[in-house]
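Taking it in order: structure first as structure tokens, then the write-up.
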Amino acid sequence: MNSTVILQQLVNGISLGSLYGLVAIGYTMVYGVIRLINFAHGDIMMVGMYFAFTGVAMMFMPWWAAFLLSMIATALLGVIIDRIAYKPLRNASRISALITAIGVSFFLENLFLVVYGGVPKAFPVPSVFGGAINIHGVIFPNIAIITPIVAMIFLGILLVLLHKTKYGMAMRALSLDMETVRIMGVNVDLIISLVFAIGSFLAALGGIFWAMRYPAINPLIGIMPGLKAFAAAVLGGIGSVAGAAVGGFIIGISEILIVALFPALAGYKDAFAFLFLIFVLLFKPTGIMGEDLERGRF
Amino acid sequence: MKLDRNNILTALFILAIFVFFWYGNHNFTAYSIRIWETTAIFLMLAASYNLINGVTGQFSLEPNGFVAIGAYVAAILTLTPAQKEAMFIIEPMVPWLAHLHMSFLPALIIAGVVTAIVGFLLGFPVFRVRGDYLAIVTLGFGLTIRVVSNNTITITNGALGLKGIASYTNIWWCLGWAVVSMIVIMRIVDSAFGRAMKAIRDDEDAAIAMGINTLWIKQAAFVTAAFFEGVGGGLLAHLITTISPTMFTFFLTFQLLIIIVVGGLGSMTGTAIATILVIWGNELLRVVEQPMNIFGLHIPGIPGMRMVIFSVLLIVIMIFAREGIMGQKEFSWDWLFSKLKGRGNNA
Numbered sequence: 001m002n003s004t005v006i007l008q009q010l011v012n013g014i015s016l017g018s019l020y021g022l023v024a025i026g027y028t029m030v031y032g033v034i035r036l037i038n039f040a041h042g043d044i045m046m047v048g049m050y051f052a053f054t055g056v057a058m059m060f061m062p063w064w065a066a067f068l069l070s071m072i073a074t075a076l077l078g079v080i081i082d083r084i085a086y087k088p089l090r091n092a093s094r095i096s097a098l099i100t101a102i103g104v105s106f107f108l109e110n111l112f113l114v115v116y117g118g119v120p121k122a123f124p125v126p127s128v129f130g131g132a133i134n135i136h137g138v139i140f141p142n143i144a145i146i147t148p149i150v151a152m153i154f155l156g157i158l159l160v161l162l163h164k165t166k167y168g169m170a171m172r173a174l175s176l177d178m179e180t181v182r183i184m185g186v187n188v189d190l191i192i193s194l195v196f197a198i199g200s201f202l203a204a205l206g207g208i209f210w211a212m213r214y215p216a217i218n219p220l221i222g223i224m225p226g227l228k229a230f231a232a233a234v235l236g237g238i239g240s241v242a243g244a245a246v247g248g249f250i251i252g253i254s255e256i257l258i259v260a261l262f263p264a265l266a267g268y269k270d271a272f273a274f275l276f277l278i279f280v281l282l283f284k285p286t287g288i289m290g291e292d293l294e295r296g297r298f
Numbered sequence: 001m002k003l004d005r006n007n008i009l010t011a012l013f014i015l016a017i018f019v020f021f022w023y024g025n026h027n028f029t030a031y032s033i034r035i036w037e038t039t040a041i042f043l044m045l046a047a048s049y050n051l052i053n054g055v056t057g058q059f060s061l062e063p064n065g066f067v068a069i070g071a072y073v074a075a076i077l078t079l080t081p082a083q084k085e086a087m088f089i090i091e092p093m094v095p096w097l098a099h100l101h102m103s104f105l106p107a108l109i110i111a112g113v114v115t116a117i118v119g120f121l122l123g124f125p126v127f128r129v130r131g132d133y134l135a136i137v138t139l140g141f142g143l144t145i146r147v148v149s150n151n152t153i154t155i156t157n158g159a160l161g162l163k164g165i166a167s168y169t170n171i172w173w174c175l176g177w178a179v180v181s182m183i184v185i186m187r188i189v190d191s192a193f194g195r196a197m198k199a200i201r202d203d204e205d206a207a208i209a210m211g212i213n214t215l216w217i218k219q220a221a222f223v224t225a226a227f228f229e230g231v232g233g234g235l236l237a238h239l240i241t242t243i244s245p246t247m248f249t250f251f252l253t254f255q256l257l258i259i260i261v262v263g264g265l266g267s268m269t270g271t272a273i274a275t276i277l278v279i280w281g282n283e284l285l286r287v288v289e290q291p292m293n294i295f296g297l298h299i300p301g302i303p304g305m306r307m308v309i310f311s312v313l314l315i316v317i318m319i320f321a322r323e324g325i326m327g328q329k330e331f332s333w334d335w336l337f338s339k340l341k342g343r344g345n346n347a
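If you read the sequences in order, they're chains U and W.
Residue numbers for the first sequence follow this note's numbering, beginning at 1 and rising by one.
Residue numbers for the second sequence follow this note's numbering, beginning at 1 and rising by one.
Pasting the structure below:
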């Protein structure tokens, strides 16, 4: 294997990793504030893909409008899910909330199976994202270059929001002590809604770029990337936004490289993230950039 | 076992069940017998799942993995060498498995034992984490089993799966195993082991402080459950007669989860009631997936609608009726008699 191929695989891995990172941010932020593994997060990503698909292929919107509308609609969906399914369980045991999240995940998957059918749909890829550029014999698909750039821009915006605004401060405070924050006069429910909105917005973004990378979508498509993104969130240290991005890159790059270096193991690709996850939980349960599991923060 | 009133009543109750199905076996339709068989298998699976999730309080999502292992082991053991040779067309089966052949009961027991060993080995890494993390890690295990069964072509025949498995499973096998598993699991719950399990569920740190070796207690629950889930997988394989890696998805675990939540986490009586409700409800809900005519109004069937209803059901139960049907209570004859007497006194 020569350096060109390795470089190409690396770009591929970074692009895949930034998608995992975008989805992982949603897991990590929701876990940070309400200590819930949002099982439905991968399915929210799927919903984002279908919203964008509906906009472009069925309502003939320009792609940018459809993508933006899809992200906003998915963000709203995230807030609605939290209000209906998770909010009544805020003071229940964590297992109850987790079972509910599994229920929401199944609900979304089956609802979209009923509405759109199980046959994979061809996702319309706008021509801007479709081509490839050739740099000294190495072919980079446009999408592989645009994805990490877009992911980085949104990550930057999110970090500024978290560390430079009052809302961000409230979110960080919430992850430390919800009751005290409530006593300080912060509208806790609004902040939690905002966290769900941000997480779902980024999941939809990740989903749309995922769909442009692998342009056949079905209602169960969110499960695998969702679980790998969760592995990325744990790897980076759950509760840490920057950690989620780093974890995403590690999972994405190592997944691509393992398949490239050991083609015989390609069939086991999907199991790999979990072995990684188990390994991390056994030897470094707080992840790379995480705090103590009980006291995560962004 | 003492020959007191409660044990006699339990024995009579079990006898009544068998008499009911002895009658039913000749008089019910093949369709309803088939659903009762499924119900009995799911009762065994759900009761053993409840032993981990409800009684020991360790929220794990492993059953589909264990059931898959049990199904594959049992199927490989009962298939004849000739069948195996004809079926493995991508790559031949590994020789030491290709010539193995045995009858149903030893195959089921070996399926259970192999699954229990896997459960035992899996327990060491996964029980180092608790709560949500345990859920995710065990979920990953189920997925890993699917990936492995897809890829170990010389053992499982890969994505093609195994076909032509003899349909040994009948109502008696299912009932017999369901009764055995219920008795074993209820005895465990009532023993010192069971009390230690409940202690872990209620407060793990306190249980450790009381000198309970939590890892071994969790392992005991896990291995028992793995054994019965493995046997259940073997029964399922010989009921459906065809298995493939896509059969044992997370959906199976989801069904069991609904059953134990509806019945009440930690209650075996609740599990039994909920299994019958959910499995039969699942069949009755087929109506919504078929086209129907109501007063001349034609409503096309909506495939997949059942699962939407079930997931909404799960969410609604979790929000409004978290205790399920039985909560953590069990039915007991003493309770029944005190109720009967109590009603007499009050009247």
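C-beta: ideal position from N, C-alpha, C; glycine also.
Source: prediction; values computed, not measured.
For this session: For Asn218 of chain U, I'd like the list of residues in its chain whose CB is within less than 6 angstroms of its CB, leaving aside the five on either flank, ordered along the chain.
Result: Pro120
Exercise. Mind checking Asn200 of chain U: buried by the 16 CB within 10 Å criterion, or exposed?
Worked result: Per the sequence shown, the amino acid found at residue 200 of chain U is Ser instead of Asn. Classification of Ser200 of chain U: buried, given that the 10 Å Cβ count is 16 or more.
For this session: Find the residues of chain W that neighbour Leu235 of chain U, judging by a C-beta separation of less than 7 angstroms, and give them in chain order.
Result: Here the premise fails: no neighbours, minimum Cβ distance about 12 angstroms.
Exercise. By how many angstroms is the C-alpha of Ala57 of chain U removed from the C-alpha of Phe123 of chain U?
Worked result: 8 angstroms
Problem set entry | Cutoff 6 angstroms; reference Ser18 of chain U; Cβ partners in own chain excluding five residues on either side | Thr147, Pro148 and Ala151
Exercise. What is the DSSP secondary structure of Pro81 of chain W, counted as helix, strand or coil?
Worked result: helix
For this session: Give the DSSP bridge partners of Val147 of chain W, in chain order.
Result: DSSP output for Val147 of chain W lists no bridge partner at all.
Problem set entry | Cross-chain neighbours of Ser311 of chain W in chain U, by beta carbon under 9 angstroms | Ile102, Gly103, Val104, Ser105, Phe106, Phe107, Leu108, Glu109, Asn110 and Leu111
Exercise. Below 8 angstroms between beta carbons: does that hold for Pro81 of chain W and Ala98 of chain W?
Worked result: yes
Problem set entry | Below-8 angstroms beta-carbon distance, Asp189 of chain U vs any chain W residue | no
Exercise. What three-state label does DSSP hand Asn7 of chain W in the structure shown?
Worked result: helix
Exercise. Mind listing which residues of the segment 242-269 of chain U have their C-beta closer than 7 angstroms to chain W's C-betas, in chain order?
Worked result: Gly267 and Tyr268
Exercise. By Cβ distance, which residues of its chain are closer than 8 angstroms to Pro92 of chain W, with the 5 residues on each side in sequence left out?
Worked result: Glu85, Ala98 and Thr154
Exercise. Considering Pro124 of chain U, what are the terminal residues of the alpha helix (DSSP H) in which it resides?
Worked result: Where Pro124 of chain U is concerned, there is no enclosing alpha helix (DSSP H), given that its DSSP letter is neither H nor E.
For this session: Buried or exposed for Ala206 of chain W, please, with buried defined as at least 16 other CB atoms from any protein chain shown within 10 angstroms of its CB.
Result: exposed
Problem set entry | 6 angstroms CB neighbourhood of Gly207 of chain U in its chain, flanking five on each side removed | Met45, Gly48 and Met49
Problem set entry | Leu51 of chain W versus Thr253 of chain W - alpha carbon distance | 14 angstroms
Exercise. How about Ile37 of chain U and Phe230 of chain U: are their beta carbons less than 8 angstroms apart?
Worked result: yes
Exercise. Can you find a C-beta in chain W that's less than 8 angstroms from the C-beta of Ala92 of chain U?
Worked result: yes
Exercise. Any Cβ of chain B within less than 8 angstroms of the Cβ of Asp205 of chain W?
Worked result: Looking at the structure shown, chain B is missing, and the protein chains on hand are U and W.
Problem set entry | Residues within the segment 129-144 of chain U neighbouring chain W, beta-carbon criterion of under 9 angstroms | none
Problem set entry | Proximity test, Cβ basis, 8 angstroms: Gly65 of chain W and chain U | no
Problem set entry | Buried or exposed (CB count within 10 angstroms, at least 16 for buried), Asp203 of chain W | exposed
For this session: List the residues of chain U that Ala68 of chain W touches, going by C-beta distances under 7 angstroms, in chain order.
Result: What Ala68 of chain W touches in chain U: nothing, since even the nearest Cβ is about 14 angstroms away.
Problem set entry | CB contact flag (Ile260 of chain W, Tyr49 of chain W, <8 angstroms) | yes
Exercise. My guess is that Ile69 of chain W and Ile145 of chain W are in contact by the Cβ rule of under 8 angstroms, so how many angstroms apart are they, rounded?
Worked result: 7 angstroms
For this session: Flag Leu12 of chain W as yes if its beta-carbon sits less than 8 angstroms from any beta-carbon of chain U, otherwise no.
Result: no
Problem set entry | Reference Gly164 of chain W, options W:Ala111, W:Thr78, W:Asn25 and W:Ile200, closest by Cα | W:Thr78
Exercise. Can you tell me where the alpha helix (DSSP H) with Ala30 of chain W in it begins and where it stops?
Worked result: Ala30 to Asn50
Exercise. Are the CB atoms of Ile143 of chain U and Met224 of chain U nearer to each other than 8 angstroms?
Worked result: no
Problem set entry | Residue burial classification, Arg195 of chain W (beta-carbon count within 10 angstroms, cutoff 16) | exposed
Exercise. Quick check: the segment 103-122 of chain W against the segment 226-235 of chain W, are there 3 or more CB pairs under 8 angstroms?
Worked result: yes
Exercise. With respect to the alpha helix (DSSP H) encompassing Ala308 of chain U, which residues constitute its N-terminal and C-terminal limits?
Worked result: Missing from the structure shown is residue 308 of chain U; chain U here goes from 1 to 298 and no further.
For this session: Identify the contact partners of Ala216 of chain U in chain W, using a Cβ-Cβ distance below 7 angstroms as the criterion.
Result: Those within 7 angstroms of Ala216 of chain U in chain W number zero; the least Cβ separation is about 18 angstroms.
Exercise. Name the chain W residues whose beta carbon is nearer than 9 angstroms to that of Phe230 of chain U?
Worked result: Ile136
Problem set entry | Three CB pairs or more closer than 8 angstroms across the segment 217-227 of chain W and the segment 236-253 of chain W | no
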